[in-house]
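**Student:** Pasting a structure here, questions to come.
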Amino acid sequence: GENVEQHPSTLSVQEGDSAVIKCTYSDSASNYFPWYKQELGKRPQLIIDIRSNVGEKKDQRIAVTLNKTAKHFSLHITETQPEDSAVYFCAASMYSGGGADGLTFGKGTHLIIQP
Amino acid sequence: DVKVTQSSRYLVKRTGEKVFLECVQDMDHENMFWYRQDPGLGLRLIYFSYDVKMKEKGDIPEGYSVSREKKERFSLILESASTNQTSMYLCASSPLSRSSGGGYTFGSGTRLTVV
Numbered sequence: 026g027e028n029v030e031q032h033p034s035t036l037s038v039q040e041g042d043s044a045v046i047k048c049t050y051s052d053s054a055s056n057y058f059p060w061y062k063q064e065l066g067k068r069p070q071l072i073i074d075i076r077s078n079v080g081e082k083k084d085q086r087i088a089v090t091l092n093k094t095a096k097h098f099s100l101h102i103t104e105t106q107p108e109d110s111a112v113y114f115c116a117a118s119m120y121s122g123g124g125a126d127g128l129t130f131g132k133g134t135h136l137i138i139q140p
Numbered sequence: 006d007v008k009v010t011q012s013s014r015y016l017v018k019r020t021g022e023k024v025f026l027e028c029v030q031d032m033d034h035e036n037m038f039w040y041r042q043d044p045g046l047g048l049r050l051i052y053f054s055y056d057v058k059m060k061e062k063g064d065i066p067e068g069y070s071v072s073r074e075k076k077e078r079f080s081l082i083l084e085s086a087s088t089n090q091t092s093m094y095l096c097a098s099s100p101l102s103r104s105s106g107g108g109y110t111f112g113s114g115t116r117l118t119v120v
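Residue numbers (the working numbering), protein chains in the order written: chain A, 26 to 140; chain B, 6 to 120.
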């Protein structure tokens with residue numbers, strides 16, 4: 026089955042700086058890569074996702090890049106703010122166009138924004 | 006506007022008890038999932054379902070079973086609770102087609118303690 030590795034486990038950056046979280050996956054058939062943000066005591070929420078036919082996607086201060094050849098994808102957050110402090114999870118799955126496809130998650134990155 | 010509801014936020018059960026965790030979604034999603042979340046291990050897939058009465062094993066199904074008698078409800082059953090099943094349990098749902106937009110919608114979680 027799929028295996029997703031996520032690094033670093035903890036990331037501390039100064040407010041206003043950029044943060045980058047990296048993930049690798051093992052199954053070359055995976056074609057859907059979402060990122061979730063989980064604030065303390067709350068449920069994970071989807072913040073951005075990318076499909077394998079796209080190399081990069083941006084949404085305001087967040088962006089995701091995908092390198093299918095190397096089987097890795099990254100989350101980039103620019104101009105970090107205190108409200109970006111949370112645990113971030115990457116995930117991967119193979120979407121076949123029908124039926125359920127369980128996401129395989131990385132172990133998470135605790136992002137700390139220092140004032 | 007809670008869309009995925011887990012019946013209990015906190016549960017304490019005794020070793021050997023049969024435990025039912027309930028999840029209800031009101032978004033008419035075909036897919037439903039059960040994950041457990043443990044510190045340092047991320048989210049691990051227990052079972053999922055893509056239709057009423059259909060179920061598929063995830064990565065860690067041992068000691069668990071599921072039931073999906075109605076589209077909106079997906080139950081996780083611990084046949085004989087053990088202390089190593091103490092964890093946060095997260096239910097999620099998603100539409101059948103990724104093209105319809107969005108990833109998982111998670112419930113708020115049930116923190117289960119087995120004593």
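From the three backbone atoms N, C-alpha and C, an ideal C-beta is built for every residue, glycine too.
1) Look at the alpha carbon of G131(A) and the alpha carbon of L91(A), and state the distance between them as a whole number of angstroms.
2) Consult DSSP for P66(B) and reduce its assignment to one of helix, strand or coil.
3) Considering only residues of the stretch 13-100 of chain B, which uninterrupted beta strand (DSSP E) runs meet the minimum length of 3 residues and lie entirely inside it, listed in chain order?
4) How long is the line joining the alpha carbons of M119(A) and A54(A), rounded to whole angstroms?
5) Can you find a CB in chain B that lies within less than 8 Å of the CB of K132(A)?
6) For L81(B), count neighbouring Cβ atoms within 10 angstroms of its own Cβ and tell me buried if that reaches 16, exposed if not.
7) By DSSP, does E40(A) sit in helix, in strand, or in coil?
8) To the nearest whole angstrom, what separates the beta carbons of I73(A) and S110(A), a pair I think is in contact under 8 Å?
9) Quick check on DSSP: helix, strand or coil for S105(B)?
10) What does a CB cutoff of less than 6 Å around F38(B) pick up in its chain, not counting 5 residues either side in sequence?
11) Interface residues of chain B around P140(A) at Cβ under 7 Å?
12) Taking L46(B) as the query, report the chain A residues whose CB atoms sit under 8 Å from its CB, ordered along the chain.
13) What's the gap between the Cα of T134(A) and the Cα of Y61(A)?
14) With DSSP run on the structure shown, which of helix, strand or coil describes D109(A)?
15) Under a three-way DSSP split, which group does T129(A) fall into?
16) Tell me, to the nearest whole angstrom, how far the beta carbon of P59(A) is from that of G108(B); I am working on the premise that it is less than 8 Å.
17) Relative to the alpha-carbon of I46(A), which residue among V112(A), G127(A), T129(A), Q139(A) has its alpha-carbon at the smallest distance?
**Tutor:** Considering the structure as presented:
1) Answer to the nearest angstrom: the Cα atoms are 15 Å apart.
2) Assigned with DSSP and collapsed to three states, P66(B) falls in coil, not helix or strand.
3) Segments of the beta strand (DSSP E) lying fully in the stretch 13-100 of chain B: 15-18, 24-30, 36-43, 47-54, 69-75, 78-83, 92-99.
4) Roughly 6 Å separates the two Cα atoms.
5) Output row for K132(A): interface = yes.
6) Buried, because 16 or more other Cβ atoms sit within 10 Å of the Cβ of L81(B).
7) Looking at E40(A) - three-state DSSP - the assignment turns out to be coil, as it is neither helix nor strand.
8) By a beta-carbon distance limit of 8 Å, I73(A) does not contact S110(A). Their separation comes to about 17 Å.
9) In this predicted model, S105(B) has a pLDDT of only 47, less than 50, meaning its place in the structure is not dependable; the value taken from the coordinates is given anyway. Helix.
10) Only residues of its own chain outside the window of five on either side were considered, and among them F53, A97 have a CB closer than 6 Å to the CB of F38(B), listed in chain order.
11) Simply none; closest approach about 26 Å.
12) Going along chain A in sequence order, the residues near L46(B) (Cβ under 8 Å) are K132.
13) Cα to Cα, T134(A) sits roughly 11 Å from Y61(A).
14) Under the three-state reduction of DSSP, D109(A) is assigned to helix.
15) T129(A): strand per DSSP, three-state reduction.
16) The pair is a contact, with the Cβ atoms about 5 Å apart (cut-off 8 Å).
17) Selected option, being the one with the closest Cα: V112(A).
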